[in-house]
Each structure stands twice: as C-alpha cells, then as structure tokens.
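To convert a position in the sequence shown, counted from 1, into this note's numbering, add 1087. Each remark here refers to the structure printed beneath this line.
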Amino acid sequence: MRIFHIQPTGVAELSELPEAPPASGFLWLACARAAFQEQLPTLQGALQQLAGMQLVDLHVSDLLNAQLPSRYDYTSQYDLLVFRRLATTPHAAPPDEPSPADATHPAKRSGPLVLRRIDTNPVGFALLDQVLLTVHPADCAVREAYAARLLAAAPADPREGRMPTPGARLPASPADLMLRLVNTMVDGYLDLRRDLTRQLDHWQTELLKPRARFVNWSSLLDARMALHNLDEICEDQRSAIQDWIDTLETWAPPDTPAGARELDLLKVRSRDVLEHIERVVHHVRRLEQSTETVVQMHFSVQSNRTNDIMRTLTALTAVFLPLNLIAGIFGMNFDFIPLIHKQDGFWWATGAMSVIAVALVLLFWRKRYLARTSTR
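If you want it as structure tokens, here you go:
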C-alpha cells in the first residue's frame, strides 16, 4: 500500500498511516486488492480515526469483487465509484488476489493482441472528505504512473534537488484526484480505438479482395464479440459517471469563491470524462456497424462471383446446344439424310456449326452474358 499526503504546496509519500487527519490537503491511500483484504481491519480503524467512519460491508464486498462492473453508489458520509480499466497484460489478467470472486476470472483469449487488450479489471474509489481510498489490481500501472506523475509535479524541493513539472497542477481534493485517475483510464480506451481500427481495417481489406479467400473467420467473430463486450463496459462506465455528475448537482454551494470555483472545475472535469467515454462508445458502435457491413459486402461479392460463374457456364452450355443438335441429327442411323452422302457434306456441317457457335458467342458477349462483373 502507498500513502500520499497531497497539499497545495507539495506531495509527500508517507511510510505508515497517520493517526490524525491532515491539517491541510488530503490523503490518498492506494492499495492492491490483496493488500486491502489482508489489512482491512487496519484500514477500517484508520478511516475511523481520519474521517470518523468506516466502509459498510456491502461496499467492502464491492471493492473486493474482481468481476464487478462499473457502478456508482453513495452513503451520507462517502461516495463509492467502481471503474473498470483495461488490463495491462497481453492475455487476460491473472487473478491478483486470493478472493472468492477471482475463481470466476475469464480464461485467456485467443486472437490478435488488440483483442486480448480489451480484458478489464475494476478499480474501486472510496471518496471521503479528506481521504481517497483506491483499491487496484496487483498489476495496476495506472496507480504507479499517476503516483510518479504526482511526485514529479510537486514543487521544487531543494533538499532533494528535484524540480517540478512545468505547468503541472496538483489535485485540489479527493474528488479531483479520483476524476484524474478515471480520466487516465479512459485515455487507455481512447488509445485502444486506433489499434482496433487498424486491425478491423486490415480484415475489411482482406474480406473485399476479389481473388482472395478469407479464412480468419474465428478472429473476426472474436472481434465482434470483443466490440460488443467493450460496448457494454463503456455503457456501464457512462452510467456510473452520469450518476456521479447527478450527485455533484446536489452538493450544497460552497460559501467561498474558491470553493465554488473548485466545484465548477469538478463538474467540468466530470463532463469531460463523460464526453471521452461517449466518444469511445460512439467509435465502438461505428466499428461494430462497419464490421457487420463489410461482412455483408463480402457475402454479396461472393454471391456475385457465383452468379458470374453460373452465368458463364449457362452461356457456354447454350452455345453448344445447337452444335449438339446438329451432331445428333447427323449421327442418326438413316440412309437418306441431306448432305450425308455428299463429298463436301462434312465441311458444310462443320461450317454451319462454326457459324452458329461464333454468332451465339458474339450475341452473348454483346448482352454481357460472358462478361465478368467488376469487383472494384
């Protein structure tokens, strides 16, 4: 577990839980789900000292549940947000804690790497007045990346020889920090869109090649299922953030201009996160529709190619029908057939058959019965 004391003047990482609430700023308690389960009594006692309350049992179960969808809930003393982030491993993320919920963790996926990246893990946020408790998977890169960003954004410390990041602004409240972490997770979904688009564009190109035979149907089916799963994940995220925004509207207006400005910034940041999620949802649905469309186009192209083949075979059959008729007539076992006893009868029959065949070929070509339908 990592403990940060965030103040307007800087960020300090603490080695142990404080016994009293900070005089200024707030605390960020970031722990893995296994550590949260093991140190639950200690954390509950620390929350009692720091905020005068403890997490209710149902919310503790939610924070320990590795399969919980994105959701928002609240009590009179704190807010709870669960937000699913993308897994950082190329395969489905392994169980990170010995929790009963992890027994149902999905198996590893097959297919391209971009599809395996859609596996997700929940991150829990317990939002108190001066404390933000976050429960992460064991391999959570979001926590480490943002912790490093916080420490880099802190004001200069002459004793450590560290300079702040230019233009950086520290979170002003636990809610501000929570929204920044959520926004970092959503950025991962926005980055995933480009990889998904490139992969599906490649498959669409392969599907529409006129002389290629597409055989990667299992991966394409996995892609459609993954897009549908991602759509459901983003819908849950959007619903959770919308519930949080609705709760923000019920907050009492602050008495000071600085407090009113911070509340406005929270609302703006929340709407920005919601807009990013909606962009992901819109893009995913467009990819779903595009994939469905290109599959239908593929089968339409295949149907046209089959029709071309059948039309050509039918025209060739029609060309040889009169020739077979003439050959059948002259093959009859009769003595009195015109031209059969003449010396040049064979050449007259052959010439007539050739003329009929050429005339029919020209007729069918003019009517485009023998022409190949263009697929470009």
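Note that beta-carbon positions come from the ideal geometry of N, C-alpha and C, so glycine has one too.
Would you mind sorting Asp1166 into buried or exposed? The rule is 16 or more other CB atoms within 10 Å of its CB.
Against the sequence shown, residue 1166 aligns to sequence position 79. It counts as buried.
Would you kindly work out how many angstroms separate the C-alpha atoms of Ser1441 and Ile1427, rounded to a whole number?
In the sequence shown, the residue the question calls residue 1441 occupies position 354. In the sequence shown, the residue the question calls residue 1427 occupies position 340. Going by the C-alpha atoms only, they are around 18 Å apart.
Grab me the residues of Arg1089's own chain with a C-beta within less than 7 Å of its C-beta, minus the 5 sequence neighbours each way, in chain order.
By 1-based counting over the sequence shown, the position of residue 1089 is 2. So the list reads Glu1100, Ala1117 and Ala1234, once near-sequence residues are dropped.
Would you identify the three-state DSSP class for Trp1115, choosing helix, strand or coil?
Within the sequence shown, numbered from 1, the residue matching residue 1115 stands at position 28. Three-state result, Trp1115: strand.
Based on Cα-Cα distance, which residue from Glu1125, Phe1091, Phe1123 and Trp1304 lies nearest to Pro1109?
Looking up residue 1109 in the sequence shown gives position 22. Considering only alpha carbons, the answer is Phe1091.
Quick check on this structure: which residue in Phe1421, Phe1417 and Val1445 has the alpha carbon closest to the alpha carbon of Phe1433?
Translated into the one-based positions of the sequence shown, residue 1433 becomes position 346. Out of Phe1421, Phe1417 and Val1445, Phe1417 has the C-alpha closest to the C-alpha of Phe1433.
Is the stretch 1305-1319 touching the stretch 1393-1406, taking contact as three or more C-beta pairs under 8 Å?
The answer is no - the stretch 1393-1406 does not touch the stretch 1305-1319, with fewer than three Cβ pairs under 8 Å.
Label Gly1139 either buried or exposed according to how many other C-beta atoms from any shown protein chain fall within 10 Å of its C-beta, with 16 as the threshold for buried.
Numbered from its first residue, the sequence shown carries residue 1139 at position 52. Result: exposed.
Using the C-alpha atoms, what's the distance from Arg1392 back to Lys1454?
Translated into the one-based positions of the sequence shown, residue 1454 becomes position 367. Translated into the one-based positions of the sequence shown, residue 1392 becomes position 305. Going from the Cα of Lys1454 to the Cα of Arg1392 covers about 18 Å.
I need the straight-line Cα distance from His1150 to Ala1339, nearest angstrom please.
Numbered from 1 along the sequence shown, position 63 holds the residue referred to as residue 1150. Numbered from 1 along the sequence shown, position 252 holds the residue referred to as residue 1339. Just to set this straight, residue 1150 is Leu in the shown sequence, not His. Their backbone Cα atoms lie some 28 Å apart in a straight line.
Would the stretch 1346-1362 and the stretch 1372-1385 be scored as touching if the rule is three or more Cβ pairs under 8 Å?
Contact between the stretch 1346-1362 and the stretch 1372-1385 is absent, because fewer than three Cβ pairs lie under 8 Å.
Considering only their Cβ atoms, is the gap separating Ser1111 from Gln1094 smaller than 8 Å?
Reading the sequence shown from its first residue, position 7 is the one you call residue 1094. Reading the sequence shown from its first residue, position 24 is the one you call residue 1111. For Gln1094 and Ser1111, yes; Cβs fall inside 8 Å.
What do you reckon, are the CB atoms on Ala1119 and His1223 nearer than 8 Å?
Against the sequence shown, residue 1119 aligns to sequence position 32. Against the sequence shown, residue 1223 aligns to sequence position 136. Taking 8 Å as the Cβ cut-off, Ala1119 and His1223 qualify as a contacting pair.
Please report the distance separating the alpha-carbon of Ala1243 from that of Leu1214.
Start at 1 with the first residue of the sequence shown, and residue 1243 comes out as number 156. Start at 1 with the first residue of the sequence shown, and residue 1214 comes out as number 127. Reliability of the predicted coordinates at Ala1243 is poor, the pLDDT of 46 falling under 50, and the value obtained from them is presented with this limitation in mind. Whole-angstrom Cα-Cα distance: 29 Å.
Note down, one range per segment and in chain order, each alpha helix (DSSP H) of at least 4 residues found wholly within the stretch 1140-1166.
Qualifying alpha helix (DSSP H) stretches, in chain order: 1144-1151.
In angstroms, rounded to a whole number, what distance separates the CA positions of Gly1097 and Met1384?
Indexing the sequence shown from 1 puts residue 1097 at position 10. Indexing the sequence shown from 1 puts residue 1384 at position 297. Their backbone Cα atoms lie some 58 Å apart in a straight line.
What is the rounded straight-line gap between the Cα of Ile1332 and the Cα of Asn1152?
Along the sequence shown, read from residue 1 onward, the residue named residue 1332 stands at position 245. Along the sequence shown, read from residue 1 onward, the residue named residue 1152 stands at position 65. The straight-line gap from Cα to Cα measures roughly 24 Å.
Specify the secondary structure class of Arg1172 as computed by DSSP and reduced to three states.
Your numbering for residue 1172 matches position 85 in the sequence shown. The answer is strand: DSSP assigns Arg1172 an E or B state.
What alpha helix (DSSP H) runs, 4 residues minimum, are completely inside the stretch 1311-1354?
Those alpha helix (DSSP H) runs which fall completely within the stretch 1311-1354 and span 4+ residues do not exist here.
To which residues of the same chain is Gln1164 closer than 6 Å at the C-beta, ignoring the five residues directly before and after it?
By 1-based counting over the sequence shown, the position of residue 1164 is 77. So the qualifying residues of the chain are Met1140.
Using the three-state DSSP reduction, which class does Asn1420 fall into: helix, strand or coil?
Walking along the sequence shown from the start, residue 1420 turns up at place 333. Three-state DSSP puts Asn1420 in coil, outside helix and strand.
Throw me the rounded Cβ distance for the Val1147 and Leu1127 pair, which I believe falls under 8 Å.
Residue mapping note: residue 1147 aligns to position 60 of the sequence shown, counting from 1. Residue mapping note: residue 1127 aligns to position 40 of the sequence shown, counting from 1. Confirmed, Cβ separation roughly 7 Å.
Excluding the 5 residues preceding and the 5 following Arg1372 in the sequence, name in chain order all residues of the same chain whose CB lies nearer than 8 Å to its CB.
Locating residue 1372 in the sequence shown gives position 285, where the first residue counts as 1. Hits under 8 Å: Asp1318.
When you compare each of Thr1129, Ala1122 and Val1381 to Glu1106 by their alpha carbons, which one comes out closest?
Taking the first residue of the sequence shown as position 1, residue 1106 is located at position 19. Residue Thr1129 is the option with its Cα nearest to Glu1106.
Excluding sequence positions up to five away, which residues of its chain have a Cβ less than 7 Å from the Cβ of Ala1436?
Translated into positions along the sequence shown, residue 1436 becomes position 349. Result list for Ala1436: Ile1413, Phe1417 and Leu1426, in chain order.
Using only alpha-carbon positions, find the residue among Asp1206, Val1210 and Leu1264 that is nearest to Val1218.
Within the sequence shown, residue 1218 is the residue found at index 131, counting from 1. Selected option, being the one with the closest Cα: Leu1264.
If you follow the alpha helix (DSSP H) that His1289 is in, where does it begin and where does it stop?
Taking the sequence shown and counting its residues from 1, the one referred to as residue 1289 is at position 202. Per DSSP, His1289 belongs to the alpha helix (DSSP H) from Pro1261 to Leu1294.
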